[in-house]
Structures are given as structure tokens and as C-alpha cells.
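Each remark here refers to the structure printed beneath this line.
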Amino acid sequence: MAAPSMERVVSLCKRRGFIFANSEIYGGIASTWDYGPLGVELKNNVMRAWWSSVVYERDDMEGLDAAILMNRLVWRYSGHEATFSDPLVDCRECKSRQRADHLKDGKCPNCGSSNLTEPRNFNLMFKTTVGPVESEENVAYLRPETAQGIFANFANVQQAMRRKLPFGVAQIGKAFRNEITPGNFTFRTREFEQMEIEYFCKPPKYLQPGEKNDVKLHEEWVEQRFNWYVALGIAPERLRKRAQTPEELAHYAKATVDIEYLFPGSLSWSELEGVANRQDYDLTAHSKEVSDEDLARLRLQKNADSTTKLDYFDDQYVDPETGKKGARYIPYVIEPSAGATRATLAFLCEAYNEELVGEPKEEELAPLRSGLAAARKNIDKKIAEAEKAAAKGELKADMPTVAQLRAINEALASCEAELPQSLLAVEDACDLPGADRVELLKKVRQAAAKLCDEYTRVVLKLHPRLAPIKVAVFPLKKNEPRIVEMAKRIKRDLQPAVRVVYDDSAGIGKLYRRQDEIGTPFCVTVDFQSLEDDTVTVRDRDSMLQERVAISQLESYLTQRLK
Ligand code: ATP
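If you're matching positions, the sequence shown starts at 0 in numbering that gives the first Met the number 0 and goes up one per residue.
Here's what the structure looks like:
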């Protein structure tokens with residue numbers, strides 16, 4: 000199970016300190032978010048897991064951290080100045096602005112009208128000026144992708160690290176796009192973080208027997224990147240590879256496979272990462288002294304400003320005709336380009352679970368059952384009234400419509416039929432449009448909330464490597480100094496090895512629920528027995544089972560299970 004809706008994830012993120020709206024005290028700024036105390040840990044863990052997988056666990060990769068501001072010429076020759084734009088249309092009906100490629104059957108996705116303007120281009124790069132004078136010569140851009148920093152450093156990295164093809168460069172960093180239709184929480188924002196790889200390899204012509212070609216390497220990267228998400232907890236049935244169609248492909252790309260995740264709600268299947276085979280396009284675009292033939296093949300303009308030809312000397316190559324050793328050429332590149340903030344959102348959606356953790360007795364359910372029955376009867380009455388009013392043309396604008404009332408009643412009926420499993424769905428039914436006008440639903444909501452508190456839990460089943468807090472330590476009794484002292488000491492001793500917190504601000508049951516909600520894999524409780532035999536209970540977040548572990552073994556027990 001994953002999050003039933005994006006709203007649930009947004010609400011948890013705010014409530015528990017993962018993600019806050021930016022500059023909220025001044026009313027915020029559209030689609031801009033801050034990562035709170037738990038969010039920054041989670042996002043850092045996502046980026047660390049990526050770096051470990053693509054840099055440390057391979058022998059053919061280097062890391063890089065290039066600056067956000069770059070010489071404007073980078074963006075001229077990369078093509079971004081001329082073409083990094085979204086064609087936009089304005090809807091004359093609802094006045095909204097939409098991406099031309101987001102129209103639904105040629106109609107405005109907001110209001111359904113086809114009264115639209117012709118598409119116009121809008122450049123997505125944020126412009127700024129460098130230095131004290133605001134003039135055209137001093138224009139710079141906030142990078143819209145991190146990749147160009149890698150291309151510009153290709154020769155530096157290759158030479159400094161004495162790399163032979165194939166090898167890759169990985170980079171994580173901020174990117175900025177003046178998106179026209181941002182939204183869906185952190186899915187599409189104007190400031191975001193990318194995790195990008197440029198994997199340089201030999202063009203087919205220069206391959207030695209047995210070496211993998213660009214097509215094979217591209218396939219391998221798609222597999223490895225897909226498997227990374229799965230290894231960190233995304234269910235394979237909510238992850239798919241989608242090859243871009245020939246119409247979608249950029250003219251220089253041989254193939255691009257998007258890795259998509261099934262997000263909750265309207266986002267549905269959406270891109271997490273694109274893995275592209277870009278051939279020799281990028282390094283050629285930034286090179287001086289490129290042949291006219293190559294320029295024509297790649298549809299590039301001559302680069303009159305670059306000081307360097309970004310080529311590679313291959314000393315193993317033997318010309319099959321002349322037998323001459325060595326060749327100079329511009330490498331091909333495979334680009335797995337992922338969003339760190341977008342992946343973080345996917346991991347949150349995937350980890351979010353609501354569970355029933357006990358069976359309420361029939362008499363405990365009784366107030367909710369009778370509340371539901373009364374509310375449904377009341378809504379039936381309102382439906383009849385609304386139908387009458389509509390027939391006479393006297394329906395008031397602030398009255399819920401017949402359709403809304405019917406939808407609420409249907410939702411309530413299915414909740415009633417499926418209690419107690421449906422406990423958490425009762426609140427959703429009470430949040431449907433028009434429900435705020437049904438007085439009796441307040442009682443229903445209260446009765447459900449009381450039962451939810453007792454019999455359900457929200458749990459983030461994050462992979463232990465991603466969990467913001469790895470272990471929480473509680474004293475069973477906070478007014479028993481020996482227990483408190485022991486718990487605090489355990490916290491201090493574990494701290495250098497794992498991220499651990501101490502909490503004594505509520506009863507154990509509540510403390511467990513709070514840690515479940517933020518995805519903490521283990522809770523350690525110090526009790527009276529601990530004072531006698533130096534053992535503690537360790538509770539597992541997912542199974543909720545408890546085990547007694549000797550304090551002397553605790554660190555190795557936990558680190559083993561946190562891998
Ligand atoms: P889209 O079609 O969703 O706008 P794109 O195809 O333009 O994305 P790329 O240029 O391929 O995206 O960027 C690579 C990755 O960077 C994307 O797969 C995504 O994870 C991330 N990304 C791109 N734009 C944004 C954004 N505005 N907010 C958050 N992440 C983004």
C-alpha cells in the first residue's frame with residue numbers, strides 16, 4: 000500500500016516537519032518549499048544513497064560539484080538560450096496559461112475550453128546579472144540543469160583522473176526553471192535538486208572486440224537506475240520504464256527511457272528520471288574546430304568561442320585499414336538524469352501507509368455507526384429538498400448540489416459497510432465537497448477520530464537507509480531517574496554510529512506512534528528489567544514486534560538491521 004492521496008502526504012510533511020511552504024509568514028511564494036528538520040535528513044539520505052550507488056559502488060565513476068553560475072556561452076552553445084522553452088497557450092475563457100503539450104485533446108485542462116491562443120515560446124531560464132552593472136553583457140543564468148557543468152569539465156576530469164573510456168561523472172546540485180505550470184507539491188518546482196550522470200563511452204566505430212557499445216550501456220544504465228528505486232523500497236508495480244516515442248525524442252538522442260512512478264491522485268504515472276543516449280552531441284557542441292560534416296550531422300552551429308576541443312585520445316585503437324595505432328575522437332554520452340527532490344517525494348508517497356492496529360469492539364463502534372446512519376438519513380432529506388429546489392429553479396448558490404450530496408452518501412454507505420477497515424476513510428468522506436454543509440457529519444468525524452487515535456496508525460515504511468531518524472530511545476517511566484539516566488546514556492553511546500533521538504514527552508504507546516509516523520525503524524525502551532539485567536526492548540516499526548537485546552549488543556544489532 001502507498002499513500003491514498005497527495006493531500007495525506009502534504010499534511011504529514013507539514014505536521015511532522017518534513018516540508019514547509021517557503022516564506023509562509025508573508026503568504027508564501029508559489030511552488031517553493033523548505034525542507035524541515037526531518038525533510039533535510041530524508042533528502043540528504045536519498046542523495047547519499049544515489050552517490051553511494053553510482054560513485055562508490057562502481058569503479059568507473061568520478062564525482063563533481065560545479066558552480067550554479069556559468070559563462071553565458073555555455074547556455075548559448077548547449078542550445079538552451081535558443082530552445083529551452085515551453086510553447087504556451089493562453090485560455091481565453093478561464094485566463095489560465097497552459098503548456099501546449101499539457102492540453103487535453105486540444106482543450107484547456109483547467110476549464111475544458113478550446114478557445115485558446117496560438118502557442119508562444121517562453122524561455123524557462125532565470126536570468127540575472129553578474130557584477131554591479133545591469134547590462135546585456137553581464138547577463139548570467141541560474142543553471143536549468145546540472146549536466147552542462149559536467150560537459151564543460153569533461154577534459155579536466157578525464158585528464159586529472161587519467162580516465163579511459165568508458166567512465167562517468169556524477170553530480171548533485173540545485174537547478175532552476177521558471178516553470179509555468181509548477182505544482183503537485185514538490186513534484187514540479189522552480190528551484191529543485193538534480194542528480195545527474197554523464198557516462199562517456201566510445202562511439203561504435205572505435206570499439207574493440209568485446210567492448211560494450213552505447214546501446215548496450217544505455218540499456219544497462221536504465222536497468223541499474225530502475226533497480227536503485229526498487230532496492231530502496233519502491234514497489235516494482237508502481238515503477239515503469241517508458242521509451243520515448245520518435246516524436247518525443249530530441250533529434251540528437253538515439254533513445255531515451257523515462258523511469259516513471261505511479262504517484263497518487265492526478266499526477267498518476269509521472270517521470271522520476273530520464274536516461275538518454277545523447278551520442279556525441281553535447282561535447283561536440285562545446286568544442287572548437289569541429290568538422291563541417293559533424294556539425295551538419297548534429298545540426299550544430301560552429302563554436303567560435305570555445306578554447307578547447309573536448310575530444311579523447313584513444314591509444315588502444317588500431318585502424319583496421321592502415322594498422323595505425325591511436326585515434327582522437329569526441330566520445331558518446333549516456334545521461335541518467337534524476338530529480339533528487341522528485342525522488343524524495345516518490346519515496347514519501349511510497350512509504351506512506353495507514354493501518355488498522357487493533358480491532359475495536361462492537362460497542363465502541365456503535366456511536367460511529369449510529370452517527371453514520373443519522374447523517375445518511377439527513378443527507379437523503381437534503382437531496383430531496385435540493386431536487387425540489389432545483390425543479391423550481393430556487394437552488395441557492397451556497398447549497399451543496401444533488402450530485403455532491405449523492406457522492407457523500409455513497410462514500411458514507413461504503414464506510415458503514417466496511418467498518419472497522421474503513422475507519423480512516425470516514426474522514427475522507429467528511430472532506431468531500433459540500434460535506435461542510437452537513438451539520439451531522441461533525442459528530443461522525445469526532446467519533447471516527449476517537450477510534451482512529453486508538454486503533455489506527457500512520458506509518459512511513461521508509462527503507463532504513465532513507466529514514467531521517469534511525470533509532471528512538473524512550474524511558475518507560477520518566478520519573479524514575481535510574482531509567483531516564485540509562486536511556487540517555489544509551490542515546491549518547493549510539494549517537495556517533497546512527498542518528499538517534501531521546502524522547503520522554505508522552506506515554507510509550509504515543510511515542511511509538513509518533514516515531515512510526517516519521518519512519519523511525521527502531522524504538523528502544525528502557526524499563527525496570529533493564530536496571531536488573533542490562534537489556535532493553537527493541538521494537539520493529541513494520542512488524543511492531545519487540546525483542547529483548549543486551550545493551551552491550553545493541554549497537555551491532557541495530558547497525559546490522561539498518562543496512
Ligand atoms: P518535465 O517533462 O517533467 O518538465 P523534463 O523532461 O524537462 O521534465 P529533464 O530536463 O529530463 O526533465 O530533467 C531531469 C529530471 O529532473 C526530471 O526527470 C525530474 O526528476 C527533474 N526535474 C526536472 N524539472 C523539475 C522541476 N521543475 N521540479 C522538480 N524536478 C524536476
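Where a beta carbon is used, it is the ideal one built from N, C-alpha and C, also for glycine.
Exposed unless 16 or more other CB atoms sit within 10 angstroms - verdict on residue 527:
Taking every protein chain shown into account, the CB of residue 527 has fewer than 16 other CB atoms within 10 angstroms, so this residue is exposed.
Once the 5 residues before and after residue 406 are set aside, which same chain residues still bring their CB inside 7 Å of it?
Counting only Cβ-Cβ distances below 7 Å, and skipping sequence neighbours, we find 431.
Please classify residue 280 as buried or exposed, where buried requires at least 16 other C-beta atoms within 10 Å of its C-beta.
Buried is the call here.
Exposed unless 16 or more other CB atoms sit within 10 angstroms - verdict on residue 559:
Residue 559 is exposed by the Cβ-count criterion.
Own chain, CB closer than 6 Å to residue 329, minus 5 neighbours either side, in chain order
Correct list, in chain order: 279, 282, 283 and 310.
Residue 209 at chain D interface by Cβ criterion, 9 Å
Looking for chain D here will not work: only one protein chain is present.
Cβ of residue 172 within 9 Å of Cβ of residue 193?
Closer than 9 Å, so yes.
Spatial neighbours of residue 152 in its chain, beta-carbon cut-off 8 Å, leaving aside the 5 residues before and after
Excluding residues up to 5 positions away in sequence, 63, 65 and 168 lie with their Cβ nearer than 8 Å to the Cβ of residue 152 in the same chain.
For residue 52, name the three-state secondary structure that DSSP assigns.
If DSSP states are grouped into helix, strand and coil, residue 52 belongs with the helices.
Do the CB positions of residue 529 and residue 482 come within less than 9 Å of each other?
Contact check for residue 529 against residue 482 passes: the beta carbons are separated by less than 9 Å.
Could you check the C-alpha separation between residue 479 and residue 182 for me, to the nearest Å?
Cα-Cα distance, rounded: 50 Å.
Minimum C-alpha distance to residue 230 - residue among 427, 52, 196 and 120
The option with the nearest alpha carbon to residue 230 is 52.
At which residues does the beta strand (DSSP E) containing residue 293 begin and terminate?
Unbroken run through residue 293 is the alpha helix (DSSP H), 291-297; no beta strand (DSSP E).
What separation, rounded to the nearest whole angstrom, lies between the Cα atoms of residue 39 and residue 401?
One alpha carbon belongs to residue 39, the other to residue 401, and they sit about 45 Å apart.
Burial state of residue 24 (16 or more Cβ within 10 Å):
By the Cβ neighbour-count rule, residue 24 is exposed, with fewer than 16 other Cβ atoms within 10 Å of its own.
What number of angstroms, rounded off, separates the C-alpha of residue 298 from the C-alpha of residue 285?
When only Cα atoms are considered, residue 298 and residue 285 end up about 13 Å apart.
I want to check one thing, is the minimum distance from the CB of residue 340 to the heavy atoms of the ligand ATP below 8 Å?
True, at least one ligand heavy atom lies under 8 Å from that Cβ.
Between the beta-carbon of residue 386 and the beta-carbon of residue 195, is there less than 9 Å?
The Cβ atoms of residue 386 and residue 195 lie no closer than 9 Å to each other.
Same chain, Cβ closer than 6 Å to residue 49, five either side skipped, listed in chain order:
Result list for residue 49: 194, in chain order.
Start-end ranges of the beta strand (DSSP E) lying completely within the region 346-398, minimum 3 residues:
Listed in chain order, they are 351-355.
Rounded to a whole number of angstroms, what is the C-alpha to C-alpha distance between residue 108 and residue 246?
For residue 108 and residue 246, the distance between alpha carbons rounds to 22 Å.
Mapping the DSSP letters down to three states, classify residue 169 as helix, strand or coil.
Reduced to three states, the DSSP call for residue 169 is strand.
Looking only at its own chain, which residues have a Cβ that is under 7 Å from the Cβ of residue 125, when we skip the five neighbours before and after it?
Closer than 7 Å at Cβ, skipping near neighbours: 140, 141, 175 and 177.
Using only the alpha-carbon positions, how far apart do residue 349 and residue 79 sit?
Here the alpha carbons of residue 79 and residue 349 stand approximately 34 Å from one another.
In the DSSP assignment, find the unbroken beta strand (DSSP E) run with residue 476 in it and report its ends.
Looking at the DSSP string, residue 476 is not in any beta strand (DSSP E), and its letter there is neither H nor E.
What do you reckon, are the CB atoms on residue 502 and residue 473 nearer than 9 Å?
Yes.
Does the distance from the CB of residue 112 to the CB of residue 96 come in under 9 Å?
No, they are not a contact pair.
Are the Cβ atoms of residue 316 and residue 1 separated by less than 9 Å?
Not closer than 9 Å, so no.
State the DSSP-derived secondary structure class of residue 489, mapped to helix, strand or coil.
Three-state result, residue 489: helix.
Could you pull out every unbroken beta strand (DSSP E) segment of at least 3 residues lying fully inside the region 118-180, listed in chain order?
Counting only runs of 3+ residues, the beta strand (DSSP E) found wholly inside the region 118-180 occupies 119-122, 125-128, 138-141 and 166-175, in chain order.
Any heavy atom of the ligand ATP closer than 8 Å to the CB of residue 174?
The nearest non-hydrogen atom of the ligand ATP is less than 8 Å from the C-beta of residue 174.
Is the beta carbon of residue 468 closer than 9 Å to that of residue 523?
When the beta-carbon positions are compared, residue 523 and residue 468 stay at least 9 Å from each other.
Out of 370, 362 and 272, state which residue places its alpha-carbon closest to the alpha-carbon of residue 444.
Nearest Cα to residue 444 within the set 370, 362 and 272: 370.
Please classify residue 515 as buried or exposed, where buried requires at least 16 neighbouring CB atoms within 10 angstroms.
Burial of residue 515 is indicated by the presence of at least 16 other C-beta atoms within 10 angstroms of its C-beta.
Secondary structure of residue 556, DSSP reduced to three states:
Reduced to three states, the DSSP call for residue 556 is helix.
Let's see if you can read the secondary structure: which residues bound the beta strand (DSSP E) around residue 276?
For residue 276, the enclosing beta strand (DSSP E) has its first and last residue at 268-278.
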